[in-house]
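Respectively, the protein sequence lines represent chains A and B.
Heads up, the first sequence is in the numbering used here, so the first residue is 1 and it goes up one at a time.
Heads up, the second sequence is in the numbering used here, so the first residue is 1001 and it goes up one at a time.
Structure, as structure tokens:
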Amino acid sequence: MGLLFILVIPLAAAAFSLVHADRRFAPAITIAGALAVLILALKTAFMVIKTGEIVAIADWVSCNSLSALILLLVAFVALTSAVFSWGYIEGHTGSDRVKKMQRYYSRFNLFVFSMLAVVLFSQLALVWVAVELTTLMSVFLVSFENTRQALEAAWKYVVLTCMGAAFALIGILLLYWAMKSAGGKTFTWEELTTVSQGINPGILKTAFIFILVGFGTKVGLVPMHTWLPDAHSQAPSPVCALLSGVETTTILYVILRLLPVLEVSPSIHSGEWFLVSGLVSVGAAAFLLIQVKDYKRLFAFSTVEHMGIIMVAVGLGGPAAHLGATYQILSHSITKSLCFFAAGSTLLIAGTREISSVRGLIRTSPIAGGAFLIGGLAIAGAPPFAVFLSEFSILRAGIAGGHYIAITLLGIFILMAFAAVMFHVNRMVFGMPPEDAVRTVLPKTVVISLTMALVPVIVLGLYIPDSLYELLRLAAASLGR
Amino acid sequence: MTISSLTQLNALTGGLFLLSTFGIIAMRQVLGCLKMFILQSVFLAISALLLGYLHLSIHLFAVAAITLMVKPVLIPYLLRQTVGSEVTARREISQLINIPTSLLIAVGLTILSYFVAKPLLSVSGAAGTVTDVNLPIGIACLLLGAYTVTVRREAMPQIIGILTMENGAFFAGISIAPDLPLIAELSAAFDVLVIALVMGILTRKIHERIGSTTVSDLKTLKEV
């Protein structure tokens, strides 16, 4: 039953957000809803660790270890970004403030619902619908500021990801065809794995390529990534945290769940597909990171890089690399959301997205500057943060598996990206602030959510609780056969 | 009706479906594109009806009914409501590649889709059935829709291009996945409606803000 509540709560919160009431009502109900979802997600995760896959409605709604991991991440980032929105959005609304805020929170909740639905639905046709909804529910969040640039970003976002979804749809239908001819009955993840031995590799391969290209567009794999830096830089920062931190991972989850089916037929070479598309993404992102001029685009390109790293880890294959992949999913989501909160606070203070106009951030606002520095260090992969550990475990697994060329390339790209991110962050955080800079006080909720996001980033680099490690291990195990 | 005459009738419908997709590429005005899209959706529904009769499947009859309700009626209505007069504007739409060249490329894409579909048909043992028609034409329509989105410079034809891609996927779908659960069909139809609604509203916002719907002129966001 818990799983159904997780789906119903954001829908209810979306409806209540539109109720005409005090202007604090919509944000309050959103935060309360997100908190409830997080508690239920924690409960679900513990149950999954203890008893394995939970089924709420057979063949329709269920949750395995990988879904539980993503569920937890979506719920956590949804809560922190709901808190961040409280102080942030009020400053970004014009004359009809209450109405705009109500609409914002309603869409925010629907967007969170669609992401939760992707991981909880077990019927593949519905998963496709949910993926499409993640785009459609977030378009107006991207265009929230209604500037020329925001509208451009929203248009590119909806056109490219809808095109991708159409490609993925034909892939999903081909998969259904292959499953039916192999004797499968219901179109669920579980049934697909059960009959995978009998699935025709020829059809499966075509289906996989359509799905990889289609959903890869939403994950932001190069060369289908062009919409990502635009949308992830123009949306309001709390929405960016959701888009970059968890939406990309949520869609990647759909591709990852096909893995046990793909591994049955070696003739598909799915590992090579993952490896090559991952390396191309990491490499392109590493070069693009060097020349960014906008600090939100900096973090957006870093998302492309991290999605590539996860793809490479999955492509390497084997339990150690898969564990590295799930660990990377965790560390990327929590760190990237912190980065976008720090970027949002910087935007509140500096009023510009240009890297070259921000100097001496740590002097104008120690909180934003400190968060920006920690976020930058953590996402670039400096020790002792979680991203360092996860990237290190992926490199180690690759070397142990004998993939020397891939690991050398990956290592070089990661170092390049590290240098690029640190170069830009360093320029912004230190140095003398411009003459006219004033010390600005950040809204209280912004500071609270920065702290909330900061805690796991620091803690998980030093210590992983046993139950979380167990969840990561189970999720990694679900990727193999 | 015998099976062979049904299959032949379905092949005719498939041909007309593909022809209307070419029509979307060939049309010079937005209204023409929209009319071609309506026609295309009707052929999709007819094919679903024929296949439903062939497989004796209530399912496909439902799909045909949903398609007839949503695509030729509700979507044009929604687009007209949200986008406004831009839909019926009788002016030429600019595009990156001229129409005769576009049609040649479209022929090339159609041939390509037969190459993609052929090995699938032979390994699945579905050669000689209705899938022979529906799968390659569905993939062709998907590619042609993607092509339309790429070369048309204005918002409305790009929306129609995306809806065309979905139509192509469904056209292949009715033959290779005829018994998807009804909930999935319904939510897919709902999804297509939401696409039209969201993109329609976004087009209006762009029109209000920028004064034109030539979306390819929006190029402020890029590196360097």
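Where is the CB? At the ideal position from N, CA and C, for every residue including glycine.
Computed from a predicted model, the values in this text were never measured in an experiment.
Taking 8 Å as the cut-off, the beta carbon of A/G164 is found closer than this to the beta carbon of A/K218.
Going by beta carbons, A/T186 and A/D294 fall outside the 8 Å limit. Sequence-distant Cβ neighbours of A/W273 in its own chain, meaning closer than 8 Å and more than five residues away, are F208, I209, L212, G315. B/V1070 has its alpha-carbon roughly 23 Å from the corresponding atom of A/L124. Under the three-pair Cβ rule at 8 Å, the segment 153 to 160 of chain A counts as touching the segment 221 to 232 of chain A. As computed with DSSP, A/T188 is found in a beta bridge with A/Q123. Between A/I170 and chain B, the shortest Cβ-Cβ separation is below 8 Å.
With fewer than 16 other CB atoms across the displayed protein chains lying within 10 angstroms of its CB, A/L462 is exposed. Not a single CB atom of chain B sits nearer than 8 Å to the CB of A/C240. Looking from the CA of A/G360, the closest CA among A/A12, A/E145, A/P434, A/S244 belongs to A/P434.
DSSP places A/S62 inside the beta strand (DSSP E), whose first and last residues are 61 to 63.
Closer than 7 Å at the C-beta level to chain A, one finds these residues of the segment 1159 to 1175 of chain B: I1162, M1165, E1166, A1169, A1172, G1173. The segment 1030 to 1043 of chain B and the segment 1004 to 1012 of chain B do not touch, with fewer than three beta-carbon pairs separated by less than 8 Å. Per DSSP, A/E145 has no beta-bridge partner at all. Against chain B, the CB of A/G202 has a partner CB under 8 Å away; the residue lies at that interface. Secondary structure of A/Q291 (DSSP, three-state): coil.
Residues of chain A whose Cβ lies closer than 7 Å to the Cβ of B/V1149 are, in chain order, V159, M163. Here A/F340 is actually not in contact with A/V429; their C-beta atoms are around 16 Å apart, not less than 8 Å. Taken through DSSP and simplified to helix, strand or coil, A/E53 comes out as coil. Taking the CA atoms as reference points, B/L1142 sits about 40 Å from A/L471. Excluding five sequence positions before and after B/E1154, the CB atoms of its chain that fall closer than 6 Å to its own CB belong to I1093, T1213, T1214, given in chain order. Contact check for A/E263 and A/G411: beta-carbon distance about 26 Å, past the 8 Å limit, so the pair fails to qualify. The beta carbon of A/A284 sits closer than 6 Å to those of V222, all from its chain and outside the five residues before and after it, given in chain order. Flagged as an interface residue toward chain B: A/V129, by a C-beta distance shorter than 8 Å. The three-state reading of DSSP puts B/R1028 in coil, since its state is none of H, G, I, E or B.
The beta carbons of B/T1013 and B/I1066 sit no closer together than 8 Å. Its chain contains S467, E470, L471, L474 as the residues whose beta carbon lies nearer than 7 Å to that of A/I49, once the 5 sequence neighbours on both sides are disregarded; these appear in chain order. Looking at the DSSP output, A/Q197 shares a beta bridge with no other residue. Leaving aside the five residues that flank A/G370 on each side, the residues in its chain whose CB is nearer than 7 Å to its CB run, in chain order, I362. Not flagged as an interface residue toward chain A: B/G1052, since no C-beta distance is shorter than 8 Å.
The beta carbon of A/P238 sits closer than 7 Å to the beta carbons of S81, F84, S85, Y88, G344 from its chain, once the five residues preceding and following it are set aside; these are given in chain order.
A distance below 6 Å between beta-carbons, with the five flanking residues on each side excluded, links A/R297 to the following residues of its chain, in chain order: P229, S233.
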